[in-house]
Structure formats: C-alpha cells, structure tokens
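Novice: Numbering (this note's numbering), first residue to last: 595 to 1094. Before I ask anything, here is the structure I am working with.
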Amino acid sequence: MYNSRYGSQKLMQNQRNAETLLEFLLDKLQEETKSECEHLGFAIEELFPLNAKEFNDKETSSKLSLPRYNHYEQKRFVKLLKVSTEICQKLEGKNPLAFAKLQNLINGINLSESLSPVKPKGSLNSVSHSVTFQSPHDVIDYCYTRERKKYNQSLRVLNNISTIKKEEFEKIQEKISQFDLKEKKIKAELQKKEEKHEKHTEIQNIKRHQHLEKKSEIEEIFKKQCGRHFLELEGKMKKLSEANKIKIREKLKDKHEEIKKKIEQDFEKIVMSEERFISESEEVEKLMKELEEKIDRRIEKYGKIVKMRIQSAREHAEKVGYIMNLSQMEEIKRQEENLKKAIAKSLTLSDKKEKKENYARETVGKTKKMIERSINRRTKSLNEKYEEENERIKNIEQRDSRKTKSQLKIQRDAKILRKEKIKKNIEKKSEQIEKYMKEMHEFDKFRDKILEKHFKMAQIADDIKNHRNQLSTITRKSNLELNMVRSEYTSPAKLNKNVA
C-alpha cells in the first residue's frame, strides 16, 4: 500500500511538472514547438493532457483501461521531453535565460518514476534479498520458478493483446457496414430528387410551348379580324363626314392602346414564369450543394475515426516491441496528400459552379434586353412583328435545347465524380484492412517465436533438474561407500584384531 501511494504521488508530481513545462513552451516558444512537432511527425494536440474519464470515453472500454491510460501518459512525457530537449539544444548559445529555465523544467520530470505507479521498482527483474540459498540446487530451483513466472506473464499479456485487437477489428467492420448503408440511403434520396427535378423541368417546358402556341393562334385571329375591320372601315369612312371620321379615329386610338396593354400584360406573365423557373432551379442547386456537403462531412468523420484507430494500433505495437513509426508516418502523409487533392477538386468544382451562375445571370440580362426590344418593335407593322416573333421563338427553342443539354452534361459529370469518390473510399478501406491483417499475421509469427523460445527454456530447465537428481544419487552412493570403508578401518573390534 505504501509503495502504490508513493508511486501515485510521484506520477502526480511528474504531471504537474509536465504541465508547467508545456505552459512555458506555449507561452514563449510556440512557433518553435510547432515546427519541432511537425519535424518529429505528430501534432501539438498530442502533448496536451487528458483525464482518465475522457480517455475511457475516447478509447474502447476494457479491463486494461488504467494501464492503457498510464501508457498514454508515458508516451506524452516522452514526446514532451523530446521536443523540449531539441529546443534547448537550439537555445544554448542564443538565449541563455530561456535555456536555463527550460533545462530546470526538464530535470523536474523523471520517466523512471512515472512508470507503473502501482508496482514497486525492480519487482520482476531483481532478486529479493530476504531469500537464502543453502545449496546450488536451491539457486537452480529459484531461477526455474522465476523464468516460469515470466513465461506465464508474457502469455497473459499476449492473449490480452490478441483479444483487444479482435474486438477492435470487429468494431471497425461494423462501422464500415454502417457507413455503406448510410451511403446507399443518400444515393437513393439523390436519385429521387433528381427524378423529381427532371419531371418538373419537363412540365415547365411543355407549359411554355403551350403558351407560345396560344399566342401565335391569338395573333393570327387578331390579324384576320384587323383585316376585316380595315375593309369595313374603309367603306364606312368613304360614306362618313370629316367630323365623324375624327371621332372614329379617336376611338381607334383608344382601342389600339387597350390592345397594347393586353399584349404587355401577356409578356409580363411570361417573364414571371421564367423567373419562377430560375428561382426553382437555384433552390435545386442549393439542395444539391447541401447533400454534397453532408457527404463530405461524413467522409471526414470516417477519416478521423480511421486516424484514431491507427493511433491505438501504434500503442499496442509499442507495448509488444514493434517499431512501426516510419511506416505509419508515410501512410498519414499519403492520406493528407489525398485529402489535399480532394480539396483541390472541390475548389475547381466550386469555380465551375460560379461560372455557370455568371452565365445564367448574363442570360437573364439578355432576355430582359430582348423583351425591351420586342416592346419597342410593337409600334411596327403586324407582318414585321410576326416574322420577328417567329425568329425569337426559334432562338428561345434553341436556347432551351442548349440549356437542357448543358444540364444533362452537368448531371452526368456529377454522377461520374460521385462514383469515383465511392470507388476511392472502398479501395482505401480495403487497403487499410489488408494492412491490419498483415500486422496481425506478423504479430502471430512473433508470438510463435516467443513461445518456442520459452518452450526450449523449459526443456533446458527440466534437463538441469534431471541432471541435478542424477548428481545427488551419485554423491549419495559415493558417500555411503566412503562411510563403509571408514567403518571397516575405524571400528574397535577390527583394531583389537590388528593389535593381536
């Protein structure tokens, strides 16, 4: 009990000294600490402390939560000492005050005292002084029992590590399956929304064509009626006087103005329908953007989860004795490069969308100008108006066809990009699983080697024991023979015979 309390007190002192050292580095040498952390291959956030509760929430819950937390703290102390020692070497001749203060703070941390506070020092590797040996066989027995304990302890540790890795592998597979189901749901929702949007655009195009056809029919009827009225008016005007002619002309002007107003109202209705179509298309684009952002967020979450699993795998590998820091750093750099490429692609797509929006604004301005020109041309004759409107209708149809083609191209490109992203994510997952399986295979090989070594040591100990028994029997026989010989020469009866 005293040793455990003493060890916990020492660990608390080391944690306090580490906090003071970290505060000093962040307050006065923040840029240098960042550069050193990047050079060594880890982030500054790994130097910050964590409570036991936060660590248990963050990591997987198991029976080895406390020793894992202690191992995390040991790694944090080591990283902090590495960064501080390298900065201290750089500040040796430049800033002597900061160098002296930093050196004092480094000396305040002792890694040997922070290791396993529950167990006392040297409980495994040192021989207890209370043990007394009366013969060499006792030494052999003691060493045999000690090696046997070490062997059993190593077996327990290996079994615990294998169970933990199996549990983590099963959890990763469950999360991958959940992620695949979510992706399928998102794809189904996107397909439904795209189908609705296509149906809506088709209905609006049909309505436009119907409006234009009605307009052309009304204009033809209007032409015919105007021609009839013109002939009738010419006959009546010849019969009427000049005063009546003036009155009739005023009435015709009023009717002409009423007809102009009706035509302007019809064009305003057409313009309003076009504006509604543009607003609806903008809403659809916003929905597509939101869905793409959701997909990107989920991909980022999955990337963070994968990073956390890689860190836990590194800690287990360090416990067993593997040194895989360089390979894991290369993997992290590759992932960062892939993320940078994905960000660059997203930026290019956003630039393309901005260009399309600018093009749509330009088309709206052009349509407004065309409407103004058409209103100015209403003062011309009916034949010229009819020809101009036919040409305008053809241009509108051509623009509609171009817009539909461009929309189809955009949708195809978006589908292709989504498929490529999904394929890349699946390939990344498969590569990570293969790497994890390779590590497990190498770990099994290492465990088999250790077991073979311990088995050989046990055989050697058994041979030593047998040899010892044989030696003891031989020594007993030799001692008996010597005693028999001595008894023959030293007995009193035989001495009397020799004297006589």
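Using N, Cα and C, we set each Cβ at its ideal position, and we do this for glycine too. Owing to the predicted nature of the structure, the values given are computational and were not obtained by experimental measurement.
#1: Exposed or buried, Ala612, counting other C-beta atoms within 10 Å across all chains shown (16 or more means buried)?
#2: Is it the case that the Cβ atoms of Glu686 and Glu630 are separated by a distance below 7 angstroms?
#3: Cα separation between Lys855 and Glu948?
#4: Grab me the residues of Ser655's own chain with a C-beta within less than 8 angstroms of its C-beta, minus the 5 sequence neighbours each way, in chain order.
#5: Hey, Ile780 and Lys1023 are a contact pair by Cβ (cut 8 angstroms); roughly how many whole angstroms apart?
#6: Could you tell me how far apart the beta carbons of Leu1097 and Leu699 are, in whole angstroms, since I believe they sit closer than 8 angstroms?
#7: Can you look up Glu1082 in the DSSP assignment and give me helix, strand or coil?
#8: Considering only their Cβ atoms, is the gap separating Leu696 from Cys682 smaller than 7 angstroms?
#9: If you drop the 5 nearest sequence neighbours on each side, which residues of the same chain put their C-beta closer than 6 angstroms to that of Leu709?
#10: Rank Ser678, Phe693, Leu749, Leu623 by C-alpha distance to the C-alpha of Arg1041 and give the top, closest one.
#11: Can you check which of these residues, Phe763, Met1051, Lys1009, Thr627, is closest to Ile899 by C-alpha distance?
#12: Does DSSP classify Ser720 as helix, strand or coil?
#13: Across the region 661-677 and the region 634-645, are there enough close Cβ pairs to call them in contact, namely three or more that are closer than 8 angstroms?
#14: Taking Cβ positions, are Thr627 and Leu619 nearer each other than 7 angstroms?
#15: Assign Tyr953 to one of two classes, buried (16 or more other C-beta atoms within 10 Å of its C-beta) or exposed (fewer than that).
#16: Within its chain, find whatever has a CB closer than 6 angstroms to the CB of Ile1054; leave out the 5 residues flanking it on each side and keep chain order.
#17: Use the C-beta contact count for Ile1020: other C-beta atoms within 10 angstroms, 16 or more gives buried, fewer gives exposed.
#18: Say yes only if the C-beta of Ile780 is nearer than 6 angstroms to one or more non-hydrogen atoms of the ligand SAH, and no if none qualify.
#19: Use the C-beta contact count for Val1079: other C-beta atoms within 10 angstroms, 16 or more gives buried, fewer gives exposed.
#20: Answer yes or no: do Met831 and Lys839 have a C-beta to C-beta separation smaller than 7 angstroms?
#21: Report the three-state DSSP secondary structure of Asn753 (helix, strand or coil).
#22: For Leu1076 and Leu1065, what's the separation of their Cα atoms in angstroms?
#23: Quick one: give me the first and last residue of the alpha helix (DSSP H) that Asn701 is part of.
#24: Report yes if the C-beta distance between Leu806 and Ile987 is below 7 angstroms; otherwise report no.
#25: Among Lys801, Arg1012, Lys622, which has the Cα closest to the Cα of Glu887?
#26: So, helix, strand or coil for Ser678, using DSSP?
#27: Evaluate Val751 with the Cβ neighbour count: other Cβ atoms within 10 Å of its Cβ, from every protein chain shown; 16 or more gives buried, anything less gives exposed.
#28: Whole angstroms is fine: what's the gap from Gln992's alpha carbon to Phe636's?
#29: Pop quiz: Lys809 and Asp848 are said to be a contact at Cβ under 8 angstroms. What is the actual Cβ separation, rounded to whole angstroms?
#30: Tell me whether Leu685 sits in a helix, a strand or coil according to DSSP, three-state version.
Specialist: With the structure as the only source:
#1: So Ala612 counts as buried.
#2: 7 angstroms or more divides the Cβ of Glu686 from the Cβ of Glu630.
#3: So the alpha carbons of these two residues sit roughly 38 angstroms apart.
#4: A caution first: Ser655 carries a pLDDT of 47, below 50, which makes its placement in the model unreliable, though a value can still be read off. Here the set comprises nothing.
#5: Actually they are not in contact, since the Cβ atoms of Ile780 and Lys1023 sit about 17 angstroms apart, beyond 8 angstroms.
#6: Any question about residue 1097 goes unanswered here, given that the chain covers just 595 to 1094.
#7: Note: Glu1082 maps to helix in three-state DSSP.
#8: Taking the C-beta atoms as reference points, Leu696 is found nearer than 7 angstroms to Cys682.
#9: In this prediction, Leu709 scores a pLDDT of 45, lower than 50, which makes its location untrustworthy; no coordinate-derived value is stated.
#10: Measuring from the Cα of Arg1041, the nearest candidate turns out to be Leu749.
#11: Looking at the Cα atoms, Phe763 is the closest of the given residues.
#12: Its pLDDT being 40, under 50, Ser720 is placed unreliably by the model, and the measurement read from it follows with that caveat. In the structure shown, Ser720 sits in coil (DSSP, three-state: anything other than H, G, I, E or B).
#13: Contact holds: three or more Cβ-Cβ distances are below 8 angstroms.
#14: Here Thr627 is near Leu619, since their CB atoms are less than 7 angstroms apart.
#15: Exposed, since its Cβ has fewer than 16 Cβ neighbours within 10 Å.
#16: By the criterion of a C-beta distance shorter than 6 angstroms, Ile1054 is surrounded by no residue of its chain, once the five residues flanking it on both sides are discounted.
#17: Counting every other CB atom within 10 Å of its CB across the protein chains shown gives Ile1020 a total below 16, marking it as exposed.
#18: Within the structure as shown, the ligand SAH is missing, as the structure has no ligands at all.
#19: Exposed, by the Cβ-count rule.
#20: Their beta carbons are under 7 angstroms apart, which means Met831 touches Lys839 by this criterion.
#21: In the three-state DSSP reduction, Asn753 falls in the helix class (H, G or I).
#22: Taking the straight line from one Cα to the other gives about 16 angstroms.
#23: Asn701 -> alpha helix (DSSP H) spans 690-701.
#24: Taking a C-beta distance under 7 angstroms as the contact criterion, Leu806 and Ile987 qualify as a contact pair.
#25: Glu887 has its Cα closest to that of Arg1012, out of Lys801, Arg1012, Lys622.
#26: Assigned with DSSP and collapsed to three states, Ser678 falls in helix.
#27: It counts as exposed.
#28: Answer to the nearest angstrom: the Cα atoms are 58 angstroms apart.
#29: Here Lys809 is actually not in contact with Asp848; their C-beta atoms are around 23 angstroms apart, not less than 8 angstroms.
#30: Three-state DSSP puts Leu685 in coil, outside helix and strand.
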